[in-house]
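Residue numbers (my numbering), protein chains in the order written: chain A, 5 to 553; chain B, 77 to 294.
Structure record follows, encoded as structure tokens.
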Amino acid sequence: MHDVRTEPAPSASQAPTTPEVHYINATHGAMSWFFTKDHKRIALLYLYAVSAFFLVGGIFAMLIRLELATPRGDLLTAETYNKVFTAHGVVMVFFFLIPVVPTILGNFLVPIMIGAKDLAFPRLNLASWYVYMAGGLFGVAALVSGGVDTGWTFYTPYSTAASNTHVVLTGLGAFIAGFSSIFTGINFIVTIHTMRAPGMTWDRLPLFIWSHYAASLIMILGTPVVAVTLLMVVLERTLGLGFFNPALGGDPVLYQHLFWFYSHPAVYIMVLPAMGVISELVSAFSRKPVFGYKMVAIASLGIALVGFLVWGHHMFTTSQSVLAAMVFSILSFLVAIPSAIKVFNWTATLYRGSVELASPMLYALGFIGLFTIGGLTGLFLAAIGLDIHVHDTYFVVAHFHYVMVGGTVTAYLGGLHFWWPKMTGKLYSEGWAKVAAVLVFVGFNLTFFPQFVLGYLGMPRRYHAYPVEELSWQVLNILSSAGASILGIGFLLPAFYLTYSALKGQPAGPNPWGAYGLEWETTSPPPTANFEVTPIVTKPAYYYAPEEH
Amino acid sequence: MSHSSAHAAHHPALQHHFDTLEQQQNASTLGMWMFLVTEVLFFGGFFMAYILYRWMYNASFHEASHELNVWLGLFNTAVLIGSSLTMALAVRASKTGEKSALVFFLIATLVLGSIFLGVKVVEYSEKFTHHLVPGKHFAFHDANLKNGAEIYFSLYFGMTGLHATHMILGGFVLVPLIVMAMKGRFTPEWYTPIELFGLYWHFVDIVWIFLFPLLYLM
């Protein structure tokens, strides 16, 4: 047990000021933004682009929920519905969930948190934004020219031999976006290795940095594999090369192995950086160091490692051997261990902390609850027998939304609120932020919890209509659609009050939360070189309770 | 003032966000190795497919590999290893500051790489004339082995095509490097681009060292 720092940090007691010259106003004009090599400006470019894709993906989500509010396929035809859920999946996975935390918060914070002036490769960083936009353009081109109906997984042989939609355009879009992810991963790893400020040793790195390091490992080891797999699909469709087409003697299950070798770890690309955000939030708003710092850091690497060995649990119902299925099942259970270490350590950090329920903390607490439900239902799916019962039902849909949306998106929103004063130098309306956080939590649970029940009762995913006689299905679907409306409002609100704060907000001062970390030792917004003087680090991460060390 | 400006003499190649040339070089080298790791995994997808189909269609693969011209493949292997040698010598010349040797070896690397690609064009056109390109016009002398042979040639074109793409991209990077070398931009103090391109070129070479036996000899 130890005392906690309760008095406000010294900088917070001074009158908040915004420096005269900072990274936002250092240079002017559109060109100074579109050709910037400043990681902070690139983070803002990503913020706009990724938010736009989130809006697009969200509109498709609302279409899905509208269609399913009634049992009959009365709003969309089956073909259109296939295109709508595919567009929702492709946009949300490849253009929102995977990039959101690393490219916005990571880009902004990784160099600042380790006391560097920029990422190691600023031009590569800018290039990765353009590559992301190019990938997005391919995706948008596929959408406006009629869409694609394969589902975001592009399963062969349907995607290569049967579908008459724009598989090639969409596949190329995801392929190109993948390179953006690889560039970002390389940039983070090299920066963390070579550019830490004096005294910023590996055991003093903030957990946000550790989790980005682990996620970057997955980005560089997994993304190339899905890239080459999508390339093979494109070659098979355009040049008639045979890789997966059973008519030519190919094996579609090979596609699934290659696809999930990336796409399961991709979940950890989304969740690990999110977990890094949560570690920062929980510590800052409990005024305590993260309990078991070392174990949380090691757990990040553990998740990255074991995450690569579990892809086969997506394939329990394929021709995979029983032995392979059992091995994948056991390995999938293993991922729960490092994940649980993190959840327990956050809880232990809260214990006897002086917890402040500021809006970022509300999101963080929401994350812990939602991620725990998502993680536990993952165990259901890792168990072969149960998986066969709920395979390709709404149970699966609910599970991965709890992990990917309940996890990644709440952590992203929490992090965005936490570092918003740092990024913009402005304070936002705390009252509205709390309302939004509560709406997101309530709306989210109302949307996706009924889907667990639906899936258990047997409603398959990807159907645009369901039997009228199944009254309970309709009730659950209506609850889910109602929840989606609340969730949508919860997501839209921050767009308004954060924009308002950027324009009219009060100056935040360097450290509005009284938090600890290098990013709070520079001005808000930071100068172009991040620090006036290169900081020298003499204390461990989360130095909230000095007598502890 | 910022840390880096404490150093009186700035090397023109030192970028603003690094403190020393050594730090910058460490970052670039690590970045290149990371990139090569992604490349290994990128080719890894094709190698995985090769392993699976080799196991499923052993006889077809064996028969289909006879359609390749081993002598052209062998010649190309020698050319590529030669280009790796000239590239290694170029890196050495850049370290010792021998400008004319550096330019010579870089040009030699580009010439050898172009010869490799030229031979590849000859090989590809042979496949077209023998109807060995997968698709509607694919024909194989043994109907029982046709499916496997078509997959073999899909892999052949996929893998060698990806490899050739890497060679072509390498060529496009070599040209500006040659121009920079002529202008005397590389010194024993700073030759990072030459060294990193050397790593890339050796990697492309190594991929071929795997492709040649798998496709031509087995």
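Glycine included, C-beta positions come from ideal geometry on N, C-alpha and C.
Beta-bridge partners of residue i, as assigned by DSSP
| i | result |
| --- | --- |
| residue 266 of chain B | B/263 |
| residue 464 of chain A | A/397 |
| residue 430 of chain A | A/511 |
Beta carbon of residue i nearer than 8 Å to that of residue j
| i | j | result |
| --- | --- | --- |
| residue 268 of chain A | residue 315 of chain A | yes |
| residue 430 of chain A | residue 511 of chain A | yes |
| residue 99 of chain A | residue 135 of chain A | no |
| residue 342 of chain A | residue 303 of chain A | yes |
| residue 180 of chain A | residue 125 of chain A | no |
| residue 318 of chain B | residue 286 of chain A | This structure does not reach residue 318 of chain B, given that chain B is present from 77 up to 294, and the question cannot be answered. |
| residue 264 of chain B | residue 171 of chain B | yes |
| residue 366 of chain A | residue 426 of chain A | no |
| residue 119 of chain A | residue 281 of chain A | no |
| residue 252 of chain A | residue 227 of chain B | yes |
| residue 160 of chain A | residue 237 of chain A | yes |
| residue 133 of chain B | residue 231 of chain B | no |
| residue 195 of chain B | residue 152 of chain B | yes |
| residue 372 of chain A | residue 350 of chain A | yes |
| residue 1 of chain A | residue 211 of chain A | This structure leaves residue 1 of chain A out entirely; chain A is present only between 5 and 553. |
| residue 105 of chain B | residue 224 of chain A | no |
| residue 229 of chain A | residue 183 of chain A | no |
| residue 130 of chain A | residue 196 of chain A | no |
| residue 488 of chain A | residue 209 of chain A | no |
Same chain, Cβ closer than 6 Å to residue i, neighbours up to 5 away in sequence not counted
| i | result |
| --- | --- |
| residue 216 of chain B | 222 and 225 |
| residue 144 of chain B | 292 |
| residue 93 of chain A | 156 |
| residue 146 of chain A | 152, 170, 173 and 174 |
| residue 271 of chain B | 167 |
| residue 192 of chain A | 114, 216 and 220 |
| residue 121 of chain A | 533 and 534 |
| residue 368 of chain A | 282, 285, 286 and 418 |
Among the options, the one whose alpha carbon lies nearest that of residue i
| i | options | result |
| --- | --- | --- |
| residue 226 of chain A | A/272, A/331, A/213 and A/522 | A/272 |
| residue 178 of chain B | B/294, B/188 and B/166 | B/166 |
| residue 477 of chain A | A/489, A/457 and A/468 | A/457 |
| residue 480 of chain A | A/488, A/454 and A/486 | A/454 |
| residue 451 of chain A | A/309, A/57, A/36 and A/72 | A/72 |
| residue 282 of chain B | B/88, B/92, B/160 and B/132 | B/160 |
| residue 61 of chain A | A/435, A/522 and A/409 | A/409 |
| residue 242 of chain B | B/189, B/90 and B/232 | B/189 |
| residue 91 of chain B | A/166, A/199 and A/37 | A/199 |
| residue 503 of chain A | A/51, A/329, A/46 and A/110 | A/51 |
| residue 541 of chain A | A/517, A/531 and A/202 | A/202 |
| residue 29 of chain A | A/530, A/536 and A/539 | A/530 |
| residue 483 of chain A | A/254, A/69 and A/49 | A/69 |
| residue 163 of chain B | B/276, B/207 and B/149 | B/276 |
| residue 319 of chain A | A/311, A/518, A/332 and A/308 | A/332 |
| residue 250 of chain A | A/498, A/166 and A/305 | A/166 |
| residue 157 of chain B | B/131, B/147, B/192 and B/127 | B/192 |
| residue 485 of chain A | A/336, A/537, A/38 and A/75 | A/75 |
Residues near residue i in its chain [Cβ-Cβ closer than 7 Å; skip 5 each side]
| i | result |
| --- | --- |
| residue 465 of chain A | 396, 397, 398, 400 and 401 |
| residue 241 of chain A | 164, 171 and 172 |
| residue 102 of chain A | 185, 270, 273 and 274 |
| residue 249 of chain B | 273 |
| residue 8 of chain A | Interpretation of residue 8 of chain A is limited by its pLDDT of 45, a score under 50 that renders its predicted location unreliable; the figure taken from the coordinates is listed afterwards. Here the set comprises 291, 292, 357, 358, 548 and 549. |
| residue 258 of chain A | 248 |
| residue 432 of chain A | 424, 501, 502, 505 and 509 |
| residue 323 of chain A | 257 |
| residue 295 of chain A | 349, 352 and 353 |
| residue 5 of chain A | Note that residue 5 of chain A has pLDDT 37, beneath the 50 cutoff, so the model's placement of it is unreliable and the number below is only indicative. Taken in chain order, the residues that qualify are 356. |
Cβ shell of residue i (< 8 Å), same chain only, five flanking positions each side left out
| i | result |
| --- | --- |
| residue 186 of chain B | 247, 250, 251 and 254 |
Residue i CB to nearest heavy atom of the ligand ADP below 7 Å
| i | result |
| --- | --- |
| residue 471 of chain A | This structure simply doesn't include the ligand ADP, nor any ligand for that matter. |
Closer than 9 Å, Cβ to any Cβ of chain A: which residues of the region 89-103 of chain B, in chain order? 91, 92, 93, 94, 95, 99, 100, 102 and 103
Mind listing which residues of the region 226-241 of chain B have their C-beta closer than 9 Å to chain A's C-betas, in chain order? Flagged, chain order: 226, 227, 229, 230, 231, 233, 234, 237 and 238.
Any C-beta of chain A within less than 9 Å: which residues of the region 119-135 of chain B qualify? 119, 120, 121, 122, 124, 125, 128, 129, 132 and 133
Which residues, in order along the region 207-220 of chain B, keep a beta-carbon less than 8 Å from a beta-carbon of chain A? 210, 211 and 212
Give the residues from the region 197-209 of chain A that approach chain B closer than 8 Å (Cβ to any Cβ), ordered along the chain. 197, 198 and 199
Give, in chain order, every residue of the region 244-261 of chain A whose Cβ lies closer than 7 Å to some Cβ of chain B. 244, 245, 246, 247, 252, 253, 254, 255 and 258
With 8 Å as the C-beta to C-beta threshold (strictly closer), list the residues of the region 34-65 of chain A near chain B in chain order. none
Against chain B, which members of the region 119-137 of chain A pass a CB distance test of less than 9 Å? 120, 121, 122, 123, 124, 125, 126 and 128
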